[in-house]
Each structure stands twice: as structure tokens, then as C-alpha cells.
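A short write-up of the structure that comes next.
Residue numbers (the UniProt record's numbering): 1 to 318.
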């Protein structure tokens, strides 16, 4: 692959398609990284790399704890291990190995996991990882990233390869509206204000960014001017952007495809409590497990669709 092709804003694209595309592209650009797979390349989106560059893939089978421990050794050789599996296995089953063998030593491992949130859809509660942002955010020294769309994911992947230290990044499974074009500039640790506004602020991450923009369009018809901020880096949180929103708008709504405990909402609330207390509303899964269903039906059922964001914004502006 000689050039990196981006999708057009408005297209419906799965982030795991972006994972496959950027892996193959970066394999041609850099020889300093290798993919570690647990026999799920078809599910994570990594299959294009397996087909195009099989020599860049280390296959561990269904042995995620071994794979994670081995990534620490790979990192010590100078190669950058990109560890890929489903989030339930990478963040939970191999959590101790990631915490102790990777993060405790500050090793340069990049953990990229698919099957996150209700975005997983029909695979149901056991695969719908609603706790990953919380559990990974709590590990010292780990950078946590949740891109808004396929194009931002490809930019973020290049950035995490350049970043020194352990990183966890989400890979969405279901088709999601593309928000950004090829001119977007991604920077670890920086939130991006996509839409300015003075009435209320919505801090969204992942699939919720497109829903926040849709909600802002509806609210604008009623004279509610919504600031929409894409928080693609959950840790470290962009404190300056959070404080600005608290001081310049009536309050902050956080929107995430994740448990309301410990994820984006928790990170923003912690920042506000210390630096600039402000009214908040949390749009997320309300401390319950998911269930099997289509990815475009579950958001309304669990209260994480655009309507939920609209309702929360109205509460803060009434």
C-alpha cells in the first residue's frame, strides 16, 4: 500500500476496517513494530495485515495472558508490540499481565482492543465491554484513547506508535458515521472542539461523537447553542478544555458507550471537582450489563442515543 486512503465524512464505516487499513499501510512505512494476535484477526479487523504481511504477525492462539506477558519481552527487544484481541480478553482476562509486566515497567506496548461497549451488538453482554475505560484508566502510566471514527483511528494509530509508553486504544466494531476528513490533526492528550457553543457543552467519545453532533443540530432549532467536544484521549484528560467549558457554558454533559462509572464521565467529573465545579449530566450505560441486540437498536434501549443527549442538555439549560 503506497498511500493511505481516508473515508469521506458522512460515510458509515466500522473502525475495525480502519484498523486493517492502517496496519497494512504502516507495515510498509515502518519496520519497528509487530502485531500480536490471539486468533481473532477476523474479528478485530487485523486480517488484511495477516494476508499482506504475515511475517509481521505473531500468533498466540486463544492464550491472551501468555500473549500479554510475551508482549513485554517483545518490547524489550526494541520492537513495538501491537497487541490485538477482544476487549473482554485484553482488558479483563489479561489485566494482571498488562498491569504488572507492561505498565509497571513502563514498557512500550500498544493494546488495541475491539468489541467495546454496546457497539458490539448481537454478541451480547459477555462481549460488550462496558468497563474497559475504567479499568485501564486506573492503571498508572497508561494512556487511554477512544477515537471518534475510522479516520481519526488511523491518525491515532500513527500517534501511538510514536508515543513512548503503554497505550490502550478502542476499536469499534459496528458502522459509525465518519466525522473527520483527512485534514484532521490528532494529538494525544488534546480534546477537539468540533462545534463551538455557549449554552451547554457535550463531551463525547467514540461512537457518541456523531450522536452528540446530531443532538446539537436538533437543539439549535430551539435556540440551544451546544458546544461539542470530542474527547479521544480519555487519559490524560484535556483539563484546559474541561475547565473552559465549565466556565463558559451552563454545564457539561458527558456521552460515552461505557458504564457511567469510571469512564469519560468520571474523568471529567474528577477534573471539575478539583479545578472548576459545574453542573453535570452523564449519558452512558447506567451500571448494568448489556444484552444482545442490533447495534442501532441498543443505544435507545440503554439511553445512550442522541435523544438521551438532547434530554440531558435540556435539563442543564432549563
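Think of the CB as a built atom: it goes at the ideal place given N, C-alpha and C, for glycine as much as any other residue.
In this structure, the beta-carbon distance from residue 6 to residue 182 falls below 8 Å.
Taking C-beta separations shorter than 8 Å and ignoring five residues to either side along the sequence, the partners of residue 4 in its chain run 21, 22, 25 and 154, following chain order. In the structure shown, residue 203 falls within a strand segment according to DSSP collapsed to helix, strand and coil. According to DSSP, residue 58 shares a beta bridge with 36.
Judged by beta-carbon spacing, residue 82 lies within the 8 Å limit of residue 110, meaning their Cβ atoms are closer than that value.
Looking at the DSSP output, residue 275 shares a beta bridge with no other residue. Comparing alpha-carbon positions, the option among 35, 63, 142 and 258 lying closest to residue 127 turns out to be 258. In this structure residue 281 is buried. Its beta-carbon is surrounded by 16 or more other beta-carbon atoms within 10 angstroms.
For residue 257, the three-state secondary structure derived from DSSP is strand. Between the alpha carbons of residue 284 and residue 116 lies a gap of roughly 13 Å.
Rounded to whole angstroms, the Cβ separation of residue 46 and residue 84 is 5 Å, and the two are in contact under 8 Å. No Cβ-Cβ contact shorter than 8 Å links residue 180 with residue 222. Pairing residue 199 with residue 244, the inter-Cα distance amounts to about 13 Å. Nearest in C-alpha terms to residue 310, of all of 273, 176, 242 and 203, is 203. Assigned with DSSP and collapsed to three states, residue 168 falls in strand. Just measuring C-alpha positions, the residue of 166, 238 and 132 sitting nearest residue 100 is 166.
Assigned with DSSP and collapsed to three states, residue 122 falls in helix. Around the CB of residue 240, fewer than 16 other CB atoms lie within 10 Å, so the residue is classed as exposed. Residue 95 carries a helical assignment under DSSP once its states are collapsed to helix, strand and coil. Under DSSP, the beta-bridge partners assigned to residue 230 are 192 and 204. Around the Cβ of residue 300, a 10 Å sphere holds fewer than 16 other Cβ atoms; the residue is exposed. Rounded to whole angstroms, the gap between the alpha carbons of residue 318 and residue 224 is 10 Å.
For the 8 Å CB-CB criterion, residue 316 and residue 253 form a contact.
Per DSSP, the continuous alpha helix (DSSP H) segment holding residue 248 begins and ends at 239-248.
Around the beta carbon of residue 249, 16 or more other beta carbons lie within 10 angstroms, which makes this residue buried.
By the Cβ-count criterion, residue 234 is buried, with 16 or more other Cβ atoms from all chains shown falling within 10 Å of its own Cβ. With fewer than 16 other Cβ atoms from the protein chains shown falling within 10 Å of its own Cβ, residue 62 counts as exposed. When the beta-carbon positions are compared, residue 293 and residue 147 stay at least 8 Å from each other. Residue 15 sits away from residue 37, with the two beta carbons spaced by 8 Å or more. Rounded to the nearest angstrom, the gap between the Cα atoms of residue 171 and residue 120 is 10 Å.
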